[in-house]
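Which chain is which? The protein sequence lines are A and B, in order. All letters in the first sequence, in the order written, are residues 149 to 729 by my numbering. All letters in the second sequence, in the order written, are residues 445 to 688 by my numbering. Virtual Cβ for every residue (Gly too), placed ideally from N, Cα, C. Because the structure is a prediction, the values reported are computed rather than measured. Encoded as structure tokens, the structure appears first; notes follow it.
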Amino acid sequence: MNKLIGALTVLLYLGTFALAETSISASLSQSVTEVDHPIQLEVKVENARVARPPTVVATGLSINFAGTSSRTQILNFQASSTTTFTYIVTPTQEGNFEIPAIEVSAGGKVYRTSSLTLKVVHESGQSAGQPTESDKPYFAELVVPKESAYVGEQIPIELRFYFNQRMQYQPYPQGQYPLIEGEGFVTKKYLEPTEKQLEMNGRIYHVVVYKTGLTGVKPGKLELQSATQSFLLSSTFGQRNAPGFIDPLENFQQQVVDVKTNGASIDIKPLPTAGRPASFSGTVGDFTLATSAQPTKVQTGDPVTLKVEIKGLGNFDRIDQPSLSNIEGWRTYQPSEETQALDDLGLSAIKTYSFPLIAAKRVGSLPTVEFSYFDPNAEKYVTLKSSPINIEIEGDQLPEKAASPGNPAASSSPATKPAPMLDILDIRTQLPAPASFLPLVEQRAFWIGQAIPASALLLLGLGLCIRNARNAGQPQRILKQERRILWKKIDGSNNRPEVLHAAVRLLELDSRPHLRKKVTPPRPLNELISEGMVPEDLQSEVRALLETREATVYGHVGSESLTEDERSKIKILLNRWKATA
Amino acid sequence: MIWTRCLLVALGYFAWTVPLAFGGATWEAANTAYQHGKYEEAKAAYLHLADTGPYSADLFYNLGNVWFKLGDPGRAILNYQRALLLNPGLVEAGSNLHTVLKIVGNDNQPTFREQIGAYADYFPLMASIAFWIFAFSIYPAWLKHGRLTLFCRRLCIVAGLIFLGTAALFVWIGSGAKDPNRALVVDSAVDLKYGPAVSARAVESMQLGEELQLISERGDWTFCRASSGNLGWILTRKTERLIP
């Protein structure tokens, strides 16, 4: 029974293992090192059995094989294995070195890694990137492995923050990443910082290393002024008594400091225009192209998936879907895409496009794929073309009208009427009327349009006010005019009845109180006297005037002409009356 | 009389300058090129008109047709949307947009807010008209000893209600379809990602012609809100703003 279970496990393992895809990658523990300071090179082979370690040779570097480790895991019935070959790389001289692509043979196929770049600086620390401030309790450096690059080329950079071993430190605030000052570049997302310890000039430092990728976006000198990161530092006062001895009463002081790195400059070169392929979309790096198809034996109308893998080191953000050629007899549809990062920064990755295809007739091979990029190491454009994949197709040719890709079986049925080809309406030819993308409320015409009724409303209100004011003053004006005429008669006329009549009328007009506020019709003097509204000292004179007038006007008694003495008496009475009113 | 003459002169000037400003010759040449199947030539001429001359719904409609004929449904959708922005009543643009969306398999239905957002310009116009009717009718309607008419009072109430309703809609819709941060996905095979990196995990796959609300940009990437409400990063060159 145990043997049976063991055999099944092995079979399951082998079955799942066979499905997993083989991949290979290489990485260096550091991208910058010093002369005679060894670093580690790891070559990882996934899902393949490789018996011998691959040979790695590079000029200027001493590379020695150090050991092999392997790991196998089964997750969700998917088995995967990783074999890691470790090498010790010791630089023997200063400069930039390239470790060429490493080849590994597995399962009858040859796999290649991307090439790696290592910068070696002099031990004395005088080269760019080597800290010169090692006497300070803390300092930082910006390590840029290249002095020149092309627009769009990814440059891995490191920001190293050194702290004396007696200091405690932590990024402040937590989770904050360094800020690189400068312009004309973009950076990738920072990785979580790593920490290590190293000795420098006889002192031990803790180093916090931030890694990211930098890309120049325009040609010219790219000046990286500095990179700054805030740290909360804790340090002790004075010296400890003995190394390793921790005094619980020791005084700590804390402070937040901005730690700045040195600057760097990179010459960003423009991509050459000569020899630029039509299919180039701005991809810069070093890539390989591989294609595969499933299934390889189909009926016409059946879907086939053409998988295109672009693998390498470069700006995967800029990769556009590769173009298909030799599509005669095939119906092609938009592919899906997937990116799998091969390193922490995502500089090295595999981008996979899956093209859904339908064979409309019998053809011998699948469409071929073309992909162009610029190789900054070779300084030229490269166009990769896939070799045609043979396929076996059976069945009759499909009708011209396209079937829905989601329902390919419908097209293979002869009884099904093909769907009508969708098309668009024709263009408009009459001269178009101008229009604006500005919202209406932001258009000047709208506010001019509002000003017209607003002005009209304002004018209307103004007119109403003027009219009301004029209407309010009209009776007063009439009375004033009448009063003036009456006074003129009293002053100039010799006709006695006329003057007496005018005098009585004036008395009546002036008898009204609050003349300005409220217009009331004048009341007869008789009524005023009977109501006691005439002052007592004037009552006799007013009565005499009334009687004289009535006798003169209605009784025709007395002279027809007025004497001056009489006129002056009337005037005095009128003035006194007015003063009293 | 003098005002009539001035108006006639102004109308004559307008009638003469508008076709000149639009570039009548280029327009004709572009239309001819399209009708003869020279789509690249027509595209160049229409783009020249869009770059230099005043915008028009017909221009973007024709440009949408050219992009469709050249096999770029993403930009065809974009230009039909632009034509509908300038003239929501352009039925040909609506029909072609529907067709292209059907071809690319985008079956996203616009929300009620998006539907009335196309008419966003009508709300301030209606609100202003209602406001002025209200303002002009309130005096005669509320005058104590004036000519109080039932008609004026009713007109005042109706205009006031319309003003409040349309003003509220305007506040809700804002710039509507003419929001300068609206953009469309114009390239296929694009994901909304959690971070501005190709290696970042995808939030969702975006369809051709899907609408986005752009929030900020960083390098080649734009932080945006998808029509589903999800926030994420998308490659800037895979999108294009609706307002050019």
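Contact between the region 260 to 271 of chain A and the region 316 to 328 of chain A is absent, with fewer than three C-beta pairs closer than 8 Å.
Judged by pairs of C-beta atoms under 8 Å, the region 403 to 417 of chain A does not touch the region 440 to 456 of chain A, as fewer than three such pairs exist. The beta carbon of Gly300 (chain A) sits closer than 8 Å to the beta carbons of Thr363, Gly364, Val365, Leu419, Gly430, Thr431, Val432, Asn463, Arg466 and Phe522 from its chain, once the five residues preceding and following it are set aside; these are given in chain order. Under the three-state reduction of DSSP, Glu655 (chain B) is assigned to strand. Using a CB distance below 7 Å, the part of the region 607 to 622 of chain B facing chain A consists of Ser619 and Lys622, ordered along the chain. By a beta-carbon distance limit of 8 Å, Ile718 (chain A) contacts Ala651 (chain A). Their separation comes to about 5 Å. Under a criterion of Cβ atoms nearer than 8 Å, the residues of chain A adjacent to Tyr478 (chain B) are, in order, Ile575. Residue pairing of Thr476 (chain B) in beta bridges, as defined by DSSP: absent, with no partner found. Chain-ordered, the chain B residues with CB closer than 7 Å to the CB of Ala583 (chain A) read Tyr499, Ser500, Ala501, Leu530 and Asn531. Apart from sequence neighbours up to five positions away, the residues of its chain that approach Lys637 (chain B) with a beta-carbon distance below 6 Å are Ala644, Ala646, Gly676 and Trp677, ordered along the chain.
For Asp523 (chain A), the uninterrupted beta strand (DSSP E) segment begins and ends at Thr516 to Asp523. Note: Asp434 (chain A) is bridge-paired with A:Leu461 in the DSSP secondary-structure output. Residue pairing by DSSP leaves Ala585 (chain B) without any beta bridge partner.
When DSSP states are grouped into helix, strand and coil, Lys622 (chain B) belongs to the helix group. Residues of the region 478 to 494 of chain A with a Cβ closer than 7 Å to any Cβ of chain B, in chain order: Gln482, Pro483, Ser484, Glu485, Thr487, Ala489 and Gly494.
In this structure the region 366 to 383 of chain A does not touch the region 251 to 258 of chain A; the number of beta carbon pairs closer than 8 Å is below three. For the region 452 to 467 of chain A, the set of positions with a beta-carbon nearer than 7 Å to some beta-carbon of chain B reads Phe464 and Asp465 in chain order. Taking a Cβ-Cβ cut-off of 8 Å, the neighbours of Lys337 (chain A) in chain B comprise Gly639, Pro640, Ala641 and Ala644, given in sequence order. When DSSP states are grouped into helix, strand and coil, Lys487 (chain B) belongs to the helix group.
When CB distances to chain A are screened at a threshold of 8 Å, the residues of the region 535 to 546 of chain B falling below it are Glu536, Ser539, Asn540, Thr543, Val544 and Lys546, in chain order. In the three-state scheme derived from DSSP, where H, G and I count as helix and E and B as strand, His542 (chain B) is classed as helix. Only those residues of the region 547 to 572 of chain B whose C-beta falls short of 9 Å from the nearest C-beta of chain A are listed: Ile547, Val548, Gly549, Ala564, Asp565, Tyr566, Phe567, Pro568, Leu569 and Ser572. Selection B:Tyr499, B:Glu472 and B:Ala489 evaluated against Ala581 (chain A) yields B:Tyr499 as nearest (Cα-Cα).
Note on geometry: alpha-carbon atoms of Asp516 (chain B) and Ser228 (chain A) lie some 41 Å from one another. Within the region 200 to 227 of chain A, the runs of beta strand (DSSP E) that reach at least 3 residues and sit entirely inside it are, in chain order, 209 to 223. Around the beta-carbon of Phe556 (chain B), fewer than 16 other beta-carbon atoms lie within 10 Å, marking it exposed. Listed in chain order, the non-local C-beta contacts of Thr470 (chain B) below 7 Å within the same chain comprise Ala489, His492 and Leu493, local neighbours out to five positions each way being set aside.
In the structure shown, Asp658 (chain A) falls within a helical segment according to DSSP collapsed to helix, strand and coil. Contact annotation, Asp184 (chain A) with Pro239 (chain A): C-beta distance approximately 7 Å; criterion of less than 8 Å satisfied. Note on Tyr317 (chain A): 16 or more other CB atoms within 10 angstroms of its CB, so buried under the neighbour-count rule.
Contact fails between the region 532 to 545 of chain B and the region 597 to 606 of chain B, because fewer than three Cβ pairs, one in each stretch, are under 8 Å apart. As the crow flies, the alpha-carbon of Phe667 (chain B) is around 11 Å from that of Asn674 (chain B). Secondary structure of Asp406 (chain A) (DSSP, three-state): strand. Going by C-alpha positions, Ala473 (chain B) is about 12 Å away from Tyr483 (chain B). In the structure shown, Ala489 (chain A) adopts extended strand secondary structure according to DSSP, grouped into three states. Ranked by Cα distance from Lys337 (chain A), the options B:Leu545, B:Pro640 and B:Trp511 are led by B:Pro640.
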